[in-house]
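Residue numbers (mature numbering (1 follows the signal peptide of the UniProt record, and there is no 0)): -19 to -1, 1 to 183. For glycine and all other residues, C-beta sits at the position ideal for the given N, C-alpha and C.
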């Protein structure tokens, strides 16, 4: 069996790579999920699920919830809520070249007053690999405050939270890691979605 010369082999490989990627266009689109346009009703026997593909993402466990007079949403009246405090958000398009990059969001732990300081653990996955981990905290809620003082916090993300296929969340007591009986609120969820497209990014 004859072998090609190194330079010829390099050219052949280069041609194959160019042919494989010439028809591949990656589109990037920015989103901000505020959840205010989503359907919500009460009482809800089956919850108010967030439809798959909402602004390019799928929500597991998270539902649409509405301001009930306790913690003020960051904007509007509605937000995403995981009543058990854990959940997962993943890119809707499951193709090989589909990812999303976190930019920022507002958050709160909602379990009533008094409530200990809350630790929110986050895990970022690319495919089946863990590529990012972070713990953010929400302060303790103590009696003796006006309801208007209970607001959401905001956080921002760096390059480690880019090109993800999914993000997982879980809450716990910040002081001892024990169970915190409450829910996780998320609002103004800002991110970009990268996906394979044919000719345009519209």
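Original post:
Who pairs with residue 70 in a beta bridge, going by DSSP?
Top reply: 40 and 148
Subject >> Spatially closest choice to residue 155 from 37, 116, 86 and 70, by CA coordinates >> reply: 116
Original post:
For residue 18, which three-state DSSP category applies?
Top reply: coil
Subject >> Cutoff 8 angstroms; reference residue 98; Cβ partners in own chain excluding five residues on either side >> reply: 118, 119, 120, 121, 154, 155 and 156
**OP:** Using alpha carbons as the reference points, say which of 114, 8, 55 and 112 lies closest to residue 88.
**Re:** Answer by Cα proximity: 55.
Original post:
By Cβ distance below 6 angstroms, which residues in the same chain neighbour residue 16 in space, the five residues on each side in sequence not counted?
Top reply: 45, 59, 60 and 61
**OP:** Using the DSSP secondary-structure output, state which residues sit across from residue 101 in a beta bridge.
**Re:** 117 and 152
**OP:** Please check the pair residue 86 and residue 171, which I expect to be a contact at CB under 8 angstroms, by giving their CB distance rounded to whole angstroms.
**Re:** 6 angstroms
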